[in-house]
Amino acid sequence: MDASALLETIKSKHPKTLLGSQDRFGVLEVSVDRTGLVDVARTLRDEPELAFEMLIDIVSIDYSQYPEWRGDRFGLTYLFKSLAKGHRLQVKVLLPEDAPSVNTLCQLWANANHLEREAFDQMGIRFVSHPNLKRILNHHEFIGHPLRKDYPITQRQWLSASQSLMDEMEPRLKEKGYT
Amino acid sequence: MRTEPQAPFESSQGLNSPRPKDKRELVYVNIGPSHPATHGALRTFCALDGETIVAAVMEQGYLHRGFEKDCESHTFQQVIPYTDRLNYVSAMINNVGFCKAVERMLHLTIPDRAAYIRVVVSELNRIIDHQVCVAANLLDMGALTNFWYFFNAREKVYDILEKLCGARLTSSYTRIGGMARDVYPQFADEVKAVLKSVEQSLGDVLKLVEKNRIFLDRTRDVCPISKERAIAYGWTGPTLRASGVEYDLRKVEPYYHYEDFKFEVPVGTKGDIYDRIFVRLYEMEESIRIIHQALDKMPQGPVMSDDKRVALPPKQQTYGNIEGLMNHFKIIMHGICPEPGEIYDATEAANGELGFTIVSDGSKNPYRVKCRPPCFMNFAAFTELIEGSMVADAIIALGSINIIAGELDR
């Protein structure tokens, strides 16, 4: 499906959530309101003619130093790929500086769990209802979010304690029926 | 500690077990973060019932160096050496992946010869990546000989890579707009000779494993993942193809004339360790086919674009006229400046879809770079993969999904 047909299909399903669209070097990018992200994402995955089975990546961007930027400070770009149809799509959500939060997509794509943890860790985006929103690349004692533009690249931190991981193990065991 | 002896595999039969499941009876073991069998600094924390892993969680980040943050304070050209350090087993594919994304951002077409060289070095790197992965994977099963067979041939490939760019692992062979330098005169002949030893090593390894009872018992139906789960986890590359999905960017979104080369995409059926190993082995054969075709078709001509936005002028012009001097000065001092915009560009790397999202604000430094390492998605599925299996199987499952800590943690 080409970009205009994709846009029409999404528009017909979610006329109110869709805020705009843009061409990103041959790939359609749609901006959606953050409250409607999960609904749009579910449509993208489950609608047979869209069939975006795969969540490729979640990119967090801090626009605070972007020249002539007037939108909200943070941006999330969700990259989708449809194996059956062959097309790609990007979904952009903008999040305000004071409350950079959005609903999780963990229930729709299994890899959203780790990708959202990375966006939280690196950029400080909160994912509401995420089952295990903790740091993934940086050390658990790390303070701040390194990919924010106001985090100085030279700033180092003393990190020493290792984590027991029992906080993740306990719920996992409970799922398996251990008490 | 147990009070009474227990039949093996009891816990894996789950509901048949009459005793209530008591987590105090489990043994908790860390595999890694610093263990030879993890092939990198990865930590898996397991709860064991006997030899069986009943639950596992993992921790990554031990090799996190802030690649993405570093990119923001370097020029586009300066990022290239950092990409070597992502997947250091197939560094040139990372070079190609990053440069391809920036070139698309600049609407720049590289000379045909450069594209063919990129295909040849990418496929050579795919071969050595698969060799390392399969050799280490077999080593984890105790099959040491294969390791020597593969590493002998791999060393010969590295000799060629070293002749091309001066380094074995940290190649930085591409530039935005083409290649750092042309190949040397005997390149094609030497590559063909090396491919013979690669084929030889492949034959030797196949002879050792193909009908080997121990190998078959250790790998078949061990730690499988279904097509649907692999897709849900965003698996790409050989690990996804092992689950039976014929998805290869070289076929579905071809670049650098891949559509003109004749090659097959091997797929598995069950997505178990056996399939993941054999998809890689057969892919090596296909890479050999591609390299032969690319070497035969490789045109003459420049290997670097003459586009003034990216290429330094010839030295006579830099020293001979003011335009050349200014052009040189602009590229050295002001760098390469793509128009403001955002791009996602994907390359079929040795272990899957290697993607770079680049945000440009029109300056010489990228505003934001996000790397999509293929093994990040593989590792996300790792606990699901190993729960219910034995510790020894978890080790080879880890080897079979080819986790490269350099790109996993960036």
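Same order as they appear, the protein sequences are chains W and H. Numbered per our numbering, the first sequence spans residues 1 to 179. Numbered per our numbering, the second sequence spans residues 1001 to 1410. Think of the CB as a built atom: it goes at the ideal place given N, C-alpha and C, for glycine as much as any other residue.
Cβ neighbours of residue 1241(H) within its own chain (closer than 6 Å, five residues either side excluded): 1267 and 1279.
Cβ contact annotation for residue 1055(H) (same chain, cutoff 7 Å, sequence separation greater than five): 1047 and 1387, in chain order. In the three-state DSSP reduction, residue 1275(H) falls in the helix class (H, G or I). Flagged as an interface residue toward chain W: residue 1368(H), by a C-beta distance shorter than 8 Å. Within the stretch 1341-1366 of chain H, contact with chain W at the beta-carbon level (separation under 9 Å) is assigned to 1341, 1342, 1343, 1344, 1345, 1346, 1353, 1355, 1357, 1359, 1361, 1362 and 1363. Closest in C-alpha terms to residue 1171(H), from the list 1407(H), 1085(H) and 1305(H), comes 1085(H). Residue 21(W) is bridged by DSSP to 30(W). Residue environment analysis places residue 1107(H) among the exposed positions, since fewer than 16 neighbouring C-beta atoms fall within 10 angstroms of its C-beta. In terms of beta-carbon proximity, residue 139(W) lines the interface with chain H, with at least one pair separated by less than 8 Å. Interface annotation, residue 176(W): in contact with chain H, CB-CB separation under 8 Å. The three-state secondary structure of residue 1133(H), taken from DSSP, is helix.
Counting of Cβ neighbours within 10 angstroms places residue 69(W) among the exposed residues, the total staying below 16.
Looking at the backbone, the Cα of residue 92(W) and that of residue 1369(H) are separated by about 16 Å. Rounded to the nearest whole angstrom, the C-alpha separation of residue 1049(H) and residue 137(W) is 30 Å.
If you check the CB distance, residue 1042(H) and residue 1403(H) come in under 8 Å. Using a Cβ-Cβ cut-off of 7 Å, residue 1073(H) is close to 153 of chain W, given in chain order. For residue 1088(H), no Cβ of chain W is located within less than 8 Å of the residue's own Cβ. Taking all protein chains shown into account, residue 64(W) has fewer than 16 neighbouring C-beta atoms within 10 Å of its C-beta and is therefore exposed. Around the CB of residue 1235(H), 16 or more other CB atoms lie within 10 Å, so the residue is classed as buried. Counting every other CB atom within 10 Å of its CB across the protein chains shown gives residue 1162(H) a total below 16, marking it as exposed.
Using a CB distance cut-off of 8 Å, residue 1068(H) counts as an interface residue toward chain W.
For residue 1348(H), the secondary structure class from DSSP, reduced to helix, strand or coil, is strand.
At a cut-off of 8 Å between C-beta atoms, residue 131(W) does not count as an interface residue with respect to chain H.
Collapsing the DSSP output to three states places residue 156(W) in coil.
DSSP lists no bridge partner for residue 1146(H). For residue 1234(H), a Cβ of chain W is located within less than 8 Å of the residue's own Cβ. For residue 1399(H), same chain residues with a beta-carbon under 6 Å away, outside a window of 5 residues either side, are 1136, 1137 and 1140 in chain order.
For residue 110(W), the closest Cβ of chain H is nearer than 8 Å. With 16 or more neighbouring CB atoms inside 10 Å of its own CB, residue 37(W) falls in the buried class. By the neighbour-count criterion, in which 16 or more other beta carbons inside 10 Å mark a residue as buried, residue 153(W) falls on the exposed side. In the DSSP assignment, residue 103(W) falls outside any alpha helix (DSSP H) and within the unbroken beta strand (DSSP E) covering 101-103. Boundaries of the beta strand (DSSP E) around residue 1370(H): 1368-1372. Counting along the chain, the unbroken beta strand (DSSP E) around residue 62(W) starts and ends at 54-62. Residue 1211(H) has its alpha-carbon roughly 16 Å from the corresponding atom of residue 1282(H).
With respect to residue 1375(H), residue 1407(H) sits close: the two C-beta atoms are nearer than 8 Å.
Between residue 52(W) and residue 94(W), the gap from beta carbon to beta carbon reaches 8 Å or more.
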